[in-house]
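Here the numbering used here is used: position 282 in the sequence shown is 303, and no number is missing along the way.
We put the beta carbon where it would ideally sit given N, CA and C, even for glycine.
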Amino acid sequence: MATFCTYGYYKADDDKRTPLIDPEAAAVVQRIFKMRASGMGHKSIADALNQEHITPPLDYKYDKLGRTYPLYSHHLWNAQTIRRILDNQMYLGKLVQMKETTVSYKNHKVIRNDESEWVIVENNHEPIISQELWDKVRERDRSVSRGRITTERITSPLSGLCYCDSCGAKMKMQKTPESKSPYSYRCGLHVRYGKSFCTSHNIRGTILEQLILEDIRRQIDFVTNDDKARAKYLARKQGNIALVMAEDNKRKREIEKRLDDLGKLMQKIYEDRVLGNMPDKACAELLEQYQQEKEDLQAELNELRKRFDGYKREEEDVDEFIRRLKSYAGAEELTRQMCLELIEYVTIDKYVDMKTQRDIHIYYKLIDKPLRDKTNALA
Ligand SMILES: [Zn+2]
């Protein structure tokens, strides 16, 4: 049985376990490098692959092994997956060794070596991409980090804060020919891929801004005239936190359980190897696979832990929100700064017809559920 190692390769059955090109995945790797070289962002590349229903690496690996990926997953590409592929020198035919040294399988201690200690073996196997393409991608990395310059002259106060309620995509500002409003907001997924992916969710800029300004004024009124405003905001915030914490806790337990299982699996393989029950080659392959999964989970767990630390500052947040609100007392119009200080994000319901009511959800900064992923409000 062939073992699939790094996406794009599988390992030969010879003693050296030389990586061989898996044409199906290698074609995708090449496309990713070319897309990046042509200037596409990591997220856009992931989107494009998802649109074509191309199986992402981990699912692909499990598919080939005839098993299903054991953890909860969207089965989609994301920016991180793309970044990892673009950073992997293996695609140049190089073997990078000693990236990590597993000290003991028993207590799973891993010592990460400095980059300077990496041993790079050139021409170890057949490359998937050329040095030229690799260099182009690096060049692209340097140029995009400088930021994008838009030709759009109008800056909407809500720019970048509106999301589609149905698919979670960012709403895009588009110029409109009508005089009532110079621009409208539309679901970004709809704008890019058409109505089979999401409906337009079209809303006129002036209407949306008016609605939001009115709601902000209501909040200002509330903190000015209601003695219980602080307590009510605190309750609202705690309710939201409880919800987010429950989700995070569930995920944390899932990860811990899987890490525990992985530890046992790795221990078992180690023992089998000592007892000679399993060929060395098979052991090493399985261990490598589990090690990768373990690393991914550990990274996610660290992120979660950081979030738990942040959940503690509730009262300070509420006071800060009230202070900000009060500073806008008497505001006549919605300004960009006001939106950035007060609003975490806004979601916009679909448009059915003139008679059907639509919901606009305003998530306030410091009070409501934080936006977890700037690229998708439903993530
Ligand atoms: Zn949408």
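Just grab the DSSP bridge partners of residue i for me.
i      : result
Arg207 : Lys193
Ile262 : DSSP lists no partner for Ile262.
Val339 : Answer is none; Val339 lacks a bridge partner.
Cys183 : Val367
Val295 : Partner(s): none; Val295 has no beta bridge.
Lys141 : It is worth fixing the name first, because residue 141 is Ile in this sequence and not Lys. In the DSSP output, where bridge partners are listed per residue, Ile141 has Val117.
Could you please give the first and the last residue of the uninterrupted alpha helix (DSSP H) stretch that includes residue i?
i      : result
His382 : Here His382 belongs to no alpha helix (DSSP H); instead the beta strand (DSSP E) covers Ile381 to Tyr385.
Tyr81  : Pro78 to Lys85
Glu309 : Asp301 to Gly331
Thr227 : Gly226 to Asn246
Thr102 : Ala100 to Leu107
Lys64  : His63 to Gln72
Find the nearest neighbour of residue i within the set the options, judged by alpha-carbon distance.
i      : options                           : result
Ile369 : Ala190, Asp340 and Ala250         : Ala190
Asp236 : Ile106, Leu307 and Met359         : Met359
Leu264 : Asp338, Pro391 and Asp374         : Pro391
Leu41  : Lys55, Leu116, Leu70 and Arg104   : Leu116
Ala350 : Val50, Asp242, Glu365 and Glu292  : Asp242
Lys258 : Tyr214, Lys376 and Ile343         : Ile343
Ala47  : Arg393, Ile364 and Tyr81          : Tyr81
Leu79  : Tyr30, Leu113 and Thr39           : Tyr30
Glu411 : Arg239, Glu268, Lys193 and Ile388 : It is not possible to answer for residue 411, since the shown part of the chain is limited to 22 through 400.
Gln378 : His222, Lys37, Lys85 and Gln319   : His222
Lys63  : Tyr311, Ala352, His74 and Asp108  : It is worth fixing the name first, because residue 63 is His in this sequence and not Lys. Comparing Cα-Cα distances from His63 to each of Tyr311, Ala352, His74 and Asp108, the minimum goes to Asp108.
Ile150 : Asp162, Arg163, Gln110 and Ile141 : Gln110
Val142 : Glu268, Leu113 and Arg52          : Leu113
Asn71  : Ala58, Asn99 and Ala250           : Asn99
Ser202 : Tyr385, Thr39, Lys271 and Ser177  : Ser177
Tyr204 : Leu318, Gln313 and Ile228         : Ile228
Val212 : Met194, Gly226, Arg225 and Lys395 : Met194
Met192 : Arg163, Arg225 and Pro198         : Arg225
Met287 : Asn298, Tyr311 and Tyr214         : Tyr311
Leu255 : Leu307, Cys183, Glu341 and Gly297 : Glu341
How many Å lie between residue i and residue j at the Cα?
i      : j      : result
His129 : Lys196 : Caution is warranted here: a pLDDT of 46 is assigned to His129, below 50, making its placement in the model unreliable, and no coordinate value can be reported.
Ile106 : Gly60  : 16 Å
Glu153 : Phe329 : 44 Å
Leu179 : Ser187 : 19 Å
Leu346 : Ile383 : 15 Å
Pro148 : Ala400 : 35 Å
Asp68  : Asp281 : 33 Å
Arg207 : Cys185 : 8 Å
Thr356 : Asp43  : 54 Å
Glu230 : Glu324 : 34 Å
Ile170 : Thr102 : Low confidence applies to Ile170: its pLDDT is 37, below 50, so where it sits in the model is not reliable enough to give any reading.
Trp155 : Lys253 : 55 Å
Lys315 : Lys55  : 30 Å
Lys285 : Met266 : 28 Å
Glu354 : Ile75  : 46 Å
Ser217 : Asn246 : 48 Å
Arg393 : Tyr366 : 11 Å
Asp35  : Arg294 : 19 Å
Glu277 : Asn261 : 24 Å
Asp380 : Lys32  : 53 Å
Gly300 : Lys289 : This sequence places Pro at residue 300; Gly is not what is there. Taking the straight line from one Cα to the other gives about 13 Å.
Ala320 : Asp269 : 14 Å
Ala303 : Val49  : 27 Å
Leu232 : Arg163 : 41 Å
Asn144 : Glu292 : 34 Å
Ile364 : Gly181 : 11 Å
Quick one: is residue i near chain C, going by C-beta distance under 8 Å?
i     : result
Cys26 : Checking the listed chains, one finds no chain C in this structure; it contains a single protein chain.
I need the boundaries of the beta strand (DSSP E) containing residue i, first residue and last residue.
i      : result
Pro178 : Looking at the DSSP string, Pro178 is not in any beta strand (DSSP E), and its letter there is neither H nor E.
Pro40  : Pro40 to Ile42
Tyr30  : Tyr30 to Lys32
What residues does ligand 1 have around it, judged by CB closer than 6 Å to any heavy atom, in chain order?
The set of residues whose C-beta lies within less than 6 Å of a heavy atom of ligand 1 reads, in chain order, Cys185, Ser187, Cys188, Ala190, Cys208, Leu210, His211, Cys219 and His222.
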